[in-house]
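For the record, in the sequence shown the residue sitting at position 84 is 84 according to my numbering, with numbers rising by one throughout.
Glycine included, each C-beta is placed from N, C-alpha and C at the ideal position.
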Amino acid sequence: MEQAQDAPNSSVPSSTSNHTPLANQTLSGGNDMSAMPTTIESTNGFVEPLQQSNLMVSNNSADGVFQSITADEIALYDRQIRLWGVKAQEKLRSARILLVGMKALANEIAKNLVLAGVGSLTVVDHEAVTEDDLGCQFFLSEDHIGQNRAYAALPQLHKLNPRVSLQSDQEPISTKQPEYFAAYDITIATCLDIDTLSMINASCRISNRKFYAAGTHGMYGYVFADLIVHDFVIERAKSNKITEVNKAETMTRMVMTSTTKKENGKVIEMVSKRETYSPIILANTSPLPAEITNNRRRRLQVTPLISCLRALFDFQKVSGGRLPSHSRPDLELFTALATEKHRELLLPTETLRSDFLRSFLQNLGAEIAPVAAFLGGSLAQDVINVLGQRQQPLQNFLLFDGEEFKGPIYSLHPFFPESLTMPNPSLMMNGTPMLDQMGAGLNMGMDMGVGMGMGPGMTNGTVE
1 MEQAQDAPNS SVPSSTSNHT PLANQTLSGG NDMSAMPTTI ESTNGFVEPL QQSNLMVSNN
61 SADGVFQSIT ADEIALYDRQ IRLWGVKAQE KLRSARILLV GMKALANEIA KNLVLAGVGS
121 LTVVDHEAVT EDDLGCQFFL SEDHIGQNRA YAALPQLHKL NPRVSLQSDQ EPISTKQPEY
181 FAAYDITIAT CLDIDTLSMI NASCRISNRK FYAAGTHGMY GYVFADLIVH DFVIERAKSN
241 KITEVNKAET MTRMVMTSTT KKENGKVIEM VSKRETYSPI ILANTSPLPA EITNNRRRRL
301 QVTPLISCLR ALFDFQKVSG GRLPSHSRPD LELFTALATE KHRELLLPTE TLRSDFLRSF
361 LQNLGAEIAP VAAFLGGSLA QDVINVLGQR QQPLQNFLLF DGEEFKGPIY SLHPFFPESL
421 TMPNPSLMMN GTPMLDQMGA GLNMGMDMGV GMGMGPGMTN GTVE
């Protein structure tokens, strides 16, 4: 992708955050991007030193409204506009993204989203840069040691594309209230424990905001998506087979409408579909799909990474969020948890091998650049597809095993009766599968004080 050209100077703060930062400051896009400025003009006209606090880089209009795409931007984003169209690029241009954490995986996500031309990106990280961060994080150098991770990365991100509004937030994500997340279209949480991920996911559901979670451990990693209810359009050549509308295509996907258009002498069919999602607190405890559990050959092919990841989440719950050490008690507890999760998933005991457990434990906490690049690129591409509403999105758990070079995707949801996948009008409401029988499971999130299964657009577990 071509590097962005310099944008017109602007010192207008971004309108994408509804919280009051400690000391928001703006960094103007200019011709000289070789160094981070050391001073900033305050509102009273005096020039003051640039403090290390919540740094903001903005190039949007003064009223916070994103203007229609310009000729310069069309030239800049020409290749991707040819790929996904001007409308999708305009949606990207107005998108407000919240990225939690700024380690190697988040570096890759931020790089791809900024180069793609999202409207704004806010990075939340309260940790300081250490020597360990220099191995895989290409936005940092030794000079940044001791600085806040999010703050230190912003100048290099700004160089990639000065048109994108950037902001850092140095407060712990655990201190944020649900309304904080309402200011963003998509929240991406990286490298966090399951309790923190569940809290963020629940907060996003309150405001009907899409949520991603991701993490890496050496050669292993995952990406999770909760888009709540997501509509998208697939364009394909019109076939002789009639597309049935108001029909459940899978347990989570409905075909909503079908229209046609002529393009270059060909008839193109545009099929509108709708995907329904579950929050991470339920997906993490849901069974594998019946088509897997009812087939021994398929059960043998399921990666044991899913059992180890669930065991890791449970271990962090009982250990204050820390990773297992190499002490005997930690190893015994993790092994017992992994064995239990494997059994709950109805997977053959022989597929949870001791050598895999050993490899997974040895990789915990490590960052490997190629793995971060693959998962970060995959997540960023899915975010772009979701914003453009033009491709099938991730549904809903991607697991990556770098040792085997495999990245299976599992659709993990509370139990669905098989009848829900049948084209029965009595199971439809406004053309969407009725999920009433999921209500009890989805409302498990209520014990956190949040209706995780009853976000906007859902009533008693039924999508409206």
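In the structure shown, what three-state DSSP assignment does Ser-168 receive?
Position 168 of the sequence shown holds residue 168. Of the three classes helix, strand and coil, the one that applies to Ser-168 here is strand, per DSSP.
Exposed or buried, which one is Ile-188 when buried takes at least 16 other CB atoms within 10 Å?
One-based indexing of the sequence shown puts residue 188 at position 188. Buried, because 16 or more other Cβ atoms sit within 10 Å of the Cβ of Ile-188.
Are Glu-108 and Ala-372 closer than 7 Å when you measure CB to CB?
Counting from one through the sequence shown, the residue named residue 108 turns up at place 108. Counting from one through the sequence shown, the residue named residue 372 turns up at place 372. Yes, Cβ-Cβ distance for Glu-108 and Ala-372 is below 7 Å.
Whole-Å CB distance - Leu-121 paired with Val-86, under 8 Å assumed:
Position 121 of the sequence shown, counted from the first residue, corresponds to residue 121. Position 86 of the sequence shown, counted from the first residue, corresponds to residue 86. Rounded, the Cβ-Cβ distance is 21 Å, inconsistent with contact.
Is the stretch 340-358 touching the stretch 317-328, taking contact as three or more C-beta pairs under 8 Å?
no
Per the DSSP calculation, Asp-401 is bridged to which residue(s)?
Position 401 of the sequence shown holds residue 401. The partner list for Asp-401 (beta bridge, DSSP) reads Tyr-220 and Lys-406.
Under a three-way DSSP split, which group does Gly-30 fall into?
Start at 1 with the first residue of the sequence shown, and residue 30 comes out as number 30. Bear in mind that the predicted position of Gly-30 carries a pLDDT of just 35, short of 50, making it unreliable; the figure below should be weighed with that in mind. Coil, per DSSP.
Classify Met-422: buried if its beta carbon has 16 or more other beta carbons within 10 angstroms, exposed otherwise.
Within the sequence shown, the letter at position 422 stands for residue 422. Residue placement at Met-422 is poorly supported in this model, since its pLDDT is 36, which falls under 50; the coordinates still yield a value, given next. Label assigned to Met-422: exposed.
Measure the beta-carbon distance from Val-255 to Lys-273 and round it to whole angstroms, keeping in mind my assumption that it falls under 8 Å.
On the sequence shown, residue 255 is found 255 positions in, with the first residue counted as 1. On the sequence shown, residue 273 is found 273 positions in, with the first residue counted as 1. Going by Cβ atoms, the distance from Val-255 to Lys-273 rounds to 6 Å, so yes, they are a contact pair.
Beta-carbon separation of Tyr-277 and Leu-331 under 7 Å?
Stepping through the sequence shown from its first residue, residue 277 is reached at position 277. Stepping through the sequence shown from its first residue, residue 331 is reached at position 331. Cβ distance not < 7 Å, so Tyr-277 and Leu-331 don't count as in contact.
Can you tell me where the alpha helix (DSSP H) holding Lys-159 begins and where it ends?
Position 159 of the sequence shown holds residue 159. Looking at the DSSP string, the run of the alpha helix (DSSP H) that includes Lys-159 is 149-160.
Measuring CA to CA, which of Glu-263, Thr-335, Tyr-410 and Ala-380 is closest to Arg-298?
Translated into the one-based positions of the sequence shown, residue 298 becomes position 298. Of the candidates Glu-263, Thr-335, Tyr-410 and Ala-380, the one whose C-alpha sits nearest the C-alpha of Arg-298 is Tyr-410.
Using the Cβ count rule (16 or more neighbours within 10 Å means buried), how would you classify Gln-392?
One-based indexing of the sequence shown puts residue 392 at position 392. Result: exposed.
Quick one: any contact between the stretch 374-390 and the stretch 113-120, if contact means 3 or more CB pairs under 8 Å?
yes
Measure the alpha-carbon distance for Glu-244 versus Asp-314 and round it to whole angstroms.
Your numbering for residue 244 matches position 244 in the sequence shown. Your numbering for residue 314 matches position 314 in the sequence shown. Each residue's alpha carbon lies about 43 Å from the other.
Give me the DSSP bridge partner(s) of Thr-293.
Looking up residue 293 in the sequence shown gives position 293. DSSP lists no partner for Thr-293.
Once you ignore the five residues that flank Pro-287 on each side, which residues in its own chain have a CB closer than 6 Å to its CB?
Within the sequence shown, numbered from 1, the residue matching residue 287 stands at position 287. Excluding residues within five positions, none has a Cβ falling inside 6 Å.
Quick test of the definition: if touching needs 3 or more C-beta pairs under 8 Å, does the stretch 218-226 touch the stretch 259-272?
no
Distance check for His-217 and Phe-360, CA to CA, integer angstroms please.
Indexing the sequence shown from 1 puts residue 360 at position 360. Indexing the sequence shown from 1 puts residue 217 at position 217. Spanning the two alpha carbons is a distance of roughly 8 Å.
DSSP puts Met-270 in a beta bridge; with which residues?
Mapped onto the sequence shown, residue 270 falls at position 270. Partner(s): Glu-235 and Thr-259.
In this structure, what does DSSP give as the bridge partners for Asp-226?
Within the sequence shown, numbered from 1, the residue matching residue 226 stands at position 226. Partner(s): Phe-211.
Please list the terminal residues of the continuous alpha helix (DSSP H) segment that includes Val-302.
Taking the first residue of the sequence shown as 1, we reach residue 302 at position 302. Note, Val-302: premise wrong, no alpha helix (DSSP H); not H, not E.
Would DSSP call Ile-145 helix, strand or coil?
In the sequence shown, residue 145 corresponds to position 145, counting from 1. Note: Ile-145 maps to coil in three-state DSSP.
By the three-class DSSP mapping on this structure, what secondary structure does Lys-103 have?
Numbered from its first residue, the sequence shown carries residue 103 at position 103. Three-state DSSP puts Lys-103 in coil, outside helix and strand.
Please state whether DSSP places Ser-359 in a helix, a strand or coil.
Within the sequence shown, the letter at position 359 stands for residue 359. Ser-359: helix per DSSP, three-state reduction.
Give the DSSP-derived three-state secondary structure of Leu-331 in the structure shown.
Here residue 331 refers to the residue found at position 331 when the sequence shown is read from its first residue. Correct three-state label for Leu-331: helix.
Would you report the Cα separation of Glu-275 and Leu-399, rounded to the nearest angstrom?
Walking along the sequence shown from the start, residue 275 turns up at place 275. Walking along the sequence shown from the start, residue 399 turns up at place 399. About 20 Å.
Top-ranked residue by Cα proximity to Ala-183, from Leu-92, Asp-132 and Arg-96
The count along the sequence shown starts at 1 and reaches residue 183 at position 183. Out of Leu-92, Asp-132 and Arg-96, Arg-96 has the C-alpha closest to the C-alpha of Ala-183.
Do you know offhand how far Arg-328's Cα is from Thr-339's?
Position 328 of the sequence shown, counted from the start, is the residue given in the question as residue 328. Position 339 of the sequence shown, counted from the start, is the residue given in the question as residue 339. So the two alpha carbons sit approximately 16 Å from each other.
State buried or exposed for Thr-175, treating a residue as buried only when at least 16 other CB atoms are found within 10 Å of its CB.
In the sequence shown, counting from the first residue as 1, residue 175 sits at position 175. That one is exposed.
Assign Arg-163 to one of three DSSP states: helix, strand, or coil.
Taking the sequence shown and counting its residues from 1, one reaches residue 163 at position 163. Three-state result, Arg-163: coil.
Pull up the CB-CB distance for Asn-112 and Gly-376, whole angstroms please, since I reckon it's below 8 Å.
Within the sequence shown, numbered from 1, the residue matching residue 112 stands at position 112. Within the sequence shown, numbered from 1, the residue matching residue 376 stands at position 376. Right, their Cβ atoms sit about 7 Å apart.
On the three-state DSSP scale, how would you describe Ala-75?
Sequence index remark: in the sequence shown, residue 75 carries index 75 (1-based). Residue state, collapsed to three classes: helix.
DSSP three-state label for Ser-198, please.
Within the sequence shown, residue 198 is the residue found at index 198, counting from 1. In this structure, Ser-198 counts as helix in the three-state DSSP scheme.
Limits of the alpha helix (DSSP H) - the one that Leu-121 falls within:
Position 121 of the sequence shown, counting from 1, holds the residue named residue 121. Segment 120-124 is the beta strand (DSSP E) holding Leu-121; no alpha helix (DSSP H) there.
Sorted by chain position, which residues of the same chain lie with C-beta nearer than 8 Å to Thr-130's C-beta, five sequence neighbours on each side aside?
On the sequence shown, position 130 is the one that residue 130 refers to. Ile-145, listed in sequence order.
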